[in-house]
Structure formats: structure tokens, C-alpha cells
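Undergrad:
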Amino acid sequence: METRFDAIVIGAGPSGSAAAYNLAKAGFNVLMIERGRRPGAKNMFGGRVYKAPVEKAFDDLDKAPIHRWVVKERISVVYDEEALTIEYDGRGRHSFTTYLTDLSSWMADKAVSAGAKLITEVVVDRLLVEDGWVKGIISGDERLYSDVVIDCEGVNRLVLEKSGFVEPLEPDNVALGFKEVLKLSKDDINKFFGLEDDEGLAWVFMGEYTEGIPGGGFLYTNRDSVSLGLVIYLGYAAKDLKSHVYDLMERVRLSRIFNKYFRDARVMEYSAHMIPADIKSFRPKRLVYNGLVIAGDAGGFLLNLGYTYRGVDLAAYTGYLAANTISKVSGEYSQESLSIYEDEIEKSFVGRDLKKFSGVHTLYENRRLFREYPILAINVMRRIYNLEFESTRFRDAFNQSRKGLVGLTTILKDLWGVYRNL
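The structure is reproduced here in C-alpha cells:
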């Protein structure tokens with residue numbers, strides 16, 4: 559194999575494949591290195607992808623392995639096996655569900671078809687740095703050289719850590735996402751969730767399932783399976799979680815709310831993945847250095863708003879921007895020249911969203927959102943709807959339910975925090 563390339567891309571996930579695809583289309587000699595057996599083998603996500611950013615990065619998205627277009631959105635607060643749920647039944651086709659392994663393989667195939675080279679089951683140990691410049695990568699005893707390296711290794715940034723570009727992950731700055739993929743027939747999914755063949759549901763929930771630990775759950779309908787999962791914040795879980803994470807997952811699946819859907823379902827897959835909690839703290843000091851560009855999850859390009867989660871689309875789009883920058887400054891890969899990438903990120907929807915929602919992580923530090931407020935919400939509903947003779951005013955139901963649980967001043971303060979950050 560040749561040992562010198564125009565560009566080396568670390569990781570064949572959405573960001574790496576987007577970078578390799580767009581560089582290869584521009585005529586660059588690109589090598590993409592993936593540590594898994596195939597692209598996407600080391601990736602895990604909830605199950606949903608927003609369309610528009612991915613369309614910018616890849617042509618022919620209609621040929622991608624899309625399972626269902628999300629038309630229904632549900633948000634539930636859960637306590638004592640009861641739920642308060644809001645549902646939006648829309649008509650737009652702005653996001654879809656899929657298996658990330660299949661989507662990543664499709665993206666990598668696009669890059670290879672455009673001319674990029676892909677090698678799998680190869681671990682990059684560290685970056686090859688000479689005189690303050692990244693000159694390539696080191697894998698075992700091998701050295702591969704390139705004019706520029708794009709690091710798209712994901713959240714677990716061992717290459718960047720070993721090379722001294724980022725600090726190791728701290729438990730307080732990381733959440734753990736874990737999910738099951740449950741086999742159901744297409745007809746059962748349509749019947750259970752009120753969907754047509756290509757329609758999908760995205761359902762997020764919070765409350766008792768995480769035992770008061772900041773976090774929540776998600777459900778996404780695929781073509782003939784359902785992705786069901788939880789996200790919990792490790793810093794809090796390490797101190798307060800009494801159950802094993804697998805037991806939490808099983809409790810969700812066997813609960814009164816979800817068991818009616820999954821009574822006859824078969825667990826096809828179980829997976830887990832680290833997710834940055836405080837994106838501002840997680841992001842590297844710089845996204846570019848001499849001969850190096852950082853994109854995707856490794857750059858902290860994720861957005862968890864509670865009611866929706868975005869990762870794959872931001873990863874693909876930042877990989878696309880990285881490729882565009884390298885094409886523009888072709889042959890001049892100093893930190894100063896590559897800083898165009900940082901400017902493009904800040905001007906794009908990615909930078910605007912990350913700035914706009916930079917305080918969202920502070921909401922997860924408020925334990926009342928995950929303990930007291932689910933109890934309050936369900937108790938208000940019980941007092942309003944579980945009637946025998948006399949009807950209850952909402953004001954009375956609310957005041958009776960919050961008594962001894964949370965004060966009115968505290969509620970108003972917390973509502974302001976949610977309003978300000980979301």
C-alpha cells in the first residue's frame with residue numbers, strides 16, 4: 559500500500575465519510591481508516607437523522623437505507639407507571655430513522671465510489687507530529703504520511719488524547735446512552751403506533767425510569783424493529799444509581815407503558831455509547847492545528863435538547879465543511895489557513911445552534927426536573943381526571959400536588975431556567 563496521501567481521515571463514520579467523499583470528488587488522494595470491521599461497526603446512536611444537513615454532504619440521499627420518515631413526535635413524563643404525554647402528528651419529512659451501521663456503510667461506499675481508499679480493522683495509535691506539524695498517523699510500526707489529517711474518531715478521542723490535543727474525558731462531562739433494538743413486524747409497528755408503511759414515530763420520555771438521575775429515554779420506529787433506549791449522566795449515576803444500567807433498560811421494556819408494545823418482541827441487539835454532556839467543556843480548544851482538522855463528535859458537534867437529539871447530521875455537515883476548507887486552501891495547511899473551517903462552523907447552523915443552546919446542559923444539573931416534577935405532573939393529572947363525584951379545579955389540583963414537594967417560588971425559578979435555555 560502506498561504510504562503518502564493528500565489527506566488521511568481517521569474514522570469512517572458520518573463525519574469521516576462526508577469529508578472523504580467531498581475531498582475525493584474534488585480530486586484529492588484520500589485514505590479513510592476505520593478501526594471497526596466495517597464502517598459504522600463502532601458507532602451507536604438513538605436512531606434518528608435530520609435530512610437537510612446530510613443532503614448537503616451527500617448526493618442521492620433518496621438511495622440511502624432510510625427506514626421511516628418521522629411524522630409523529632411524542633414527549634412523555636413518567637411516574638409510578640403512569641404517563642403524561644404530548645403528541646405532535648405532522649406531515650413534514652424532515653428526519654428519518656435508520657440503522658447507523660447501514661447508513662455509515664452507505665456513506666463510506668459513496669466515498670470509495672468517488673475515489674477514496676478505505677481500510678478497516680486498523681487502529682490509529684497517535685498522530686505523527688514533526689516540528690509542530692501533523693504529518694500523518696502512526697499505527698503500530700507503520701507510518702502513513704499526508705498533507706493534512708482530518709480526525710473524525712468520535713467521542714472516545716484516544717488519538718487526540720495520546721497526541722496531546724485534548725484532555726481525557728471526565729465522568730462529570732459524559733453521559734451514557736444505551737439501547738435495545740427490538741424485532742417487530744412492520745404491520746405490528748403500524749398498528750401499535752398508528753403509522754403508515756413509511757411513517758415513523760420519535761418518542762422521548764423522562765421520569766422514574768432513570769431513578770432520579772439526570773437523563774431520559776427514547777423510542778424510534780424502524781422499518782420492522784424499534785429502538786428503545788436511555789441516556790443517563792455518568793457523574794450523577796456513579797454517585798447515586800443503585801441499579802445496573804441493563805436493569806434500568808429492562809424495567810422500561812417491561813413497564814406498563816411499553817410492555818404492551820413489546821410483549822412478543824425479540825431483542826435483536828444491545829449497545830452502549832458515550833455522549834458528551836457539556837458540549838462547551840468537551841469541545842477542543844481549537845478545531846484546527848498545523849496539518850490537522852477535527853470534525854464530527856470528536857469536535858463536540860452534538861446537540862441534546864431533551865425533546866430531540868442531533869448528532870449524525872451535525873457530524874456529516876462538519877465533515878463536509880472540513881472538506882470544503884481543505885479544498886479552498888489546497889496545499890497550505892497551516893493553522894492560520896485552516897482557521898477558515900472554524901469561521902465556517904461559527905457562521906453555519908451548527909455554530910449558531912451550539913451557541914444558542916450552550917446553556918442547556920445546566921438544566922440537567924437541576925435534579926428536580928427528573929424527580930419532583932414528574933411526580934407533580936402525574937399527581938395533578940390524577941386529581942383532575944380520577945374523579946368520583948366532585949370535579950377539581952386545576953389550581954387546586956396543582957397546589958395540592960406541589961404541597962410538601964416543591965415551592966411555588968422554586969417552580970417559577972425553574973420555569974425561567976427552562977425558558978431561558980430552551
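The opening position of the sequence shown corresponds to residue 559 in our numbering, with each subsequent residue numbered one higher. Cβ coordinates follow ideal geometry from the N, Cα and C atoms, glycine included.
Taking the continuous beta strand (DSSP E) assigned at residue 921, which residues delimit it?
TA: Taking the sequence shown and counting its residues from 1, one reaches residue 921 at position 363. It is not in any beta strand (DSSP E) - residue 921 instead sits in the alpha helix (DSSP H) that spans 918-921.
Undergrad: Where residue 737 and residue 689 are concerned, what is the direct C-alpha to C-alpha distance, given to the nearest angstrom?
TA: The count along the sequence shown starts at 1 and reaches residue 737 at position 179. The count along the sequence shown starts at 1 and reaches residue 689 at position 131. Their backbone Cα atoms lie some 44 Å apart in a straight line.
Undergrad: Using DSSP bridges, identify the partner residues of residue 774.
TA: As a first step, residue 774 is located in the sequence shown; it is residue number 216 there, counting from the start. Paired residues: 789.
Undergrad: Under DSSP, the alpha helix (DSSP H) around residue 894 begins and ends at which residues?
TA: Start at 1 with the first residue of the sequence shown, and residue 894 comes out as number 336. Following the DSSP letters along the chain, one finds residue 894 inside the alpha helix (DSSP H) bounded by residues 893-905.
Undergrad: Assuming residue 782 and residue 818 make a contact with CB atoms under 8 Å, what is their CB distance in whole Å?
TA: The residue you call residue 782 lines up with position 224 of the sequence shown. The residue you call residue 818 lines up with position 260 of the sequence shown. Not really, about 18 Å apart at Cβ, beyond 8 Å.
Undergrad: Go ahead and label residue 726 buried or exposed: buried means 16 or more other beta carbons lie within 10 angstroms of its beta carbon, across all protein chains shown.
TA: For the purposes of this step, residue 726 is identified with residue 168 of the sequence shown, where counting begins at 1. It counts as exposed.
Undergrad: Cα-Cα, which of 862, 885, 880 is closest to residue 1000?
TA: Absent from the structure is residue 1000, since the part of the chain shown begins at 559 and ends at 980.
Undergrad: Between which two residues does the alpha helix (DSSP H) containing residue 808 stretch?
TA: Along the sequence shown, one-based indexing puts residue 808 at 250. Note, residue 808: alpha helix (DSSP H), 803-812.
Undergrad: Using the C-alpha atoms, what's the distance from residue 698 back to residue 687?
TA: Here residue 687 refers to the residue found at position 129 when the sequence shown is read from its first residue. Here residue 698 refers to the residue found at position 140 when the sequence shown is read from its first residue. Between residue 687 and residue 698, the C-alpha separation is close to 15 Å.
Undergrad: Using three-state DSSP, classify residue 909 as helix, strand or coil.
TA: Here residue 909 is taken as the residue at index 351 of the sequence shown, counted from 1. It is helical.
Undergrad: As a quick exercise: from 735, 823, 875, pick the residue whose alpha carbon is nearest that of residue 750.
TA: As a position in the sequence shown, residue 750 is number 192, starting the count at 1. Among 735, 823, 875, the Cα nearest to that of residue 750 belongs to 823.
Undergrad: Jot down the residue ranges of each uninterrupted alpha helix (DSSP H) in the segment 605-647, minimum 4 residues, whole runs only, in chain order.
TA: Residue ranges of uninterrupted alpha helix (DSSP H) with 4 or more members, entirely inside the segment 605-647 and ordered along the chain, are 609-615.
Undergrad: Indicate the three-state DSSP secondary structure (helix, strand or coil) for residue 947 in the structure shown.
TA: Mapped onto the sequence shown, residue 947 falls at position 389. Residue 947: coil per DSSP, three-state reduction.
Undergrad: Drop a sphere of 10 angstroms on the beta-carbon of residue 765, count the other beta-carbons inside from all chains shown, and report buried for 16 or more, exposed for fewer.
TA: Working through the sequence shown from its first residue, we reach residue 765 at position 207. By the 10 Å Cβ count, residue 765 comes out buried.
Undergrad: Taking the alpha carbon of residue 895 as the point to measure from, which residue in 845, 930, 583 has its own alpha carbon closest?
TA: Taking the sequence shown and counting its residues from 1, the one referred to as residue 895 is at position 337. Minimum Cα distance to residue 895 is reached at 845.
Undergrad: What is the DSSP secondary structure of residue 562, reduced to helix, strand or coil?
TA: Translated into positions along the sequence shown, residue 562 becomes position 4. Note: residue 562 maps to strand in three-state DSSP.
Undergrad: Residues bridged to residue 876 by DSSP?
TA: In the sequence shown, residue 876 corresponds to position 318, counting from 1. Paired residues: none, contrary to the question.
Undergrad: Are residue 661 and residue 623 touching if we call contact CB-CB under 8 Å?
TA: For this step, residue 661 is matched to residue 103 along the sequence shown. For this step, residue 623 is matched to residue 65 along the sequence shown. Judged by their CB atoms, residue 661 and residue 623 are nearer to each other than the 8 Å cut-off.
Undergrad: Within a Cβ cutoff of 8 Å, which residues of the same chain sit near residue 769, ignoring the five residues on either side of it in sequence?
TA: In the sequence shown, the residue the question calls residue 769 occupies position 211. Contacts found: 798, 799, 800, 801, 806.
Undergrad: May I ask which residues mark the beginning and end of the beta strand (DSSP E) holding residue 657?
TA: Position 99 of the sequence shown, counted from the first residue, corresponds to residue 657. Unbroken run through residue 657: none, as it is neither H nor E.
Undergrad: Between the alpha carbons of residue 651 and residue 784, how many angstroms are there, rounded?
TA: Here the question's residue 651 lines up with position 93 in the sequence shown. Here the question's residue 784 lines up with position 226 in the sequence shown. Their backbone Cα atoms lie some 19 Å apart in a straight line.
Undergrad: Would you mind stating whether residue 903 and residue 872 have Cβ atoms separated by less than 8 Å?
TA: Stepping through the sequence shown from its first residue, residue 903 is reached at position 345. Stepping through the sequence shown from its first residue, residue 872 is reached at position 314. In this structure, residue 872 does not lie closer than 8 Å to residue 903 by Cβ.
Undergrad: Can the beta-carbon of residue 576 be found closer than 8 Å to that of residue 588?
TA: In the sequence shown, the residue the question calls residue 576 occupies position 18. In the sequence shown, the residue the question calls residue 588 occupies position 30. Cβ atoms of residue 576 and residue 588: not closer than 8 Å.
Undergrad: Starting from residue 758, follow its DSSP beta bridges and name the residues at the other end.
TA: Within the sequence shown, numbered from 1, the residue matching residue 758 stands at position 200. The beta-bridge partner set that DSSP reports for residue 758 consists of 628.
Undergrad: Considering only their Cβ atoms, is the gap separating residue 859 from residue 883 smaller than 8 Å?
TA: The residue labelled residue 883 in the question sits at position 325 within the sequence shown. The residue labelled residue 859 in the question sits at position 301 within the sequence shown. Their beta carbons are not under 8 Å apart, which means residue 883 does not touch residue 859 by this criterion.
Undergrad: List the whole-angstrom C-beta distance separating residue 917 from residue 833, where the pair is believed to meet the contact cut-off of C-beta under 8 Å.
TA: Locating residue 917 in the sequence shown gives position 359, where the first residue counts as 1. Locating residue 833 in the sequence shown gives position 275, where the first residue counts as 1. With 8 Å as the limit, residue 917 and residue 833 do not qualify as a contact, their Cβ atoms being about 18 Å apart.
Undergrad: DSSP beta-bridge partners for residue 764?
TA: Locating residue 764 in the sequence shown gives position 206, where the first residue counts as 1. DSSP, once it has assigned bridges, lists 635 as partnering residue 764.
Undergrad: Could you check whether residue 590 and residue 676 sit closer than 8 Å to each other, using their CB atoms as the reference points?
TA: Mapped onto the sequence shown, residue 676 falls at position 118. Mapped onto the sequence shown, residue 590 falls at position 32. Yes.
Undergrad: Would residue 974 be called buried (16 or more neighbouring beta carbons within 10 Å of its own) or exposed?
TA: Against the sequence shown, residue 974 aligns to sequence position 416. When all chains shown are included, residue 974 counts as exposed.
Undergrad: Less than 8 Å separating the beta-carbons of residue 607 and residue 656?
TA: One-based indexing of the sequence shown puts residue 607 at position 49. One-based indexing of the sequence shown puts residue 656 at position 98. In contact: residue 607 and residue 656 (Cβ atoms closer than 8 Å).
Undergrad: With residue 929 as the anchor, note down where its alpha helix (DSSP H) starts and where it stops.
TA: Locating residue 929 in the sequence shown gives position 371, where the first residue counts as 1. Per DSSP, residue 929 belongs to no alpha helix (DSSP H) and is neither H nor E.
Undergrad: In chain order, what residues of the same chain have a beta carbon less than 6 Å from the beta carbon of residue 597, not counting five sequence neighbours either side?
TA: Mapped onto the sequence shown, residue 597 falls at position 39. So the list reads 570, 662, 663, 666, once near-sequence residues are dropped.
Undergrad: Considering only residues of the segment 817-871, which uninterrupted alpha helix (DSSP H) runs meet the minimum length of 4 residues and lie entirely inside it, listed in chain order?
TA: 837-840
Undergrad: Helix, strand or coil: how does DSSP classify residue 512 here?
TA: For residue 512 there is no data in the structure shown, the boundaries of the chain being 559 and 980.
Undergrad: Can you find the residues in the same chain that come closer than 8 Å, C-beta to C-beta, to residue 932, ignoring five residues on each side of it along the sequence?
TA: Position 374 of the sequence shown holds residue 932. Hits under 8 Å: 635, 636, 637, 764, 765, 766.
Undergrad: What is the DSSP secondary structure of residue 693, reduced to helix, strand or coil?
TA: For the purposes of this step, residue 693 is taken as residue 135 along the sequence shown, with counting starting at 1. In this structure, residue 693 counts as strand in the three-state DSSP scheme.
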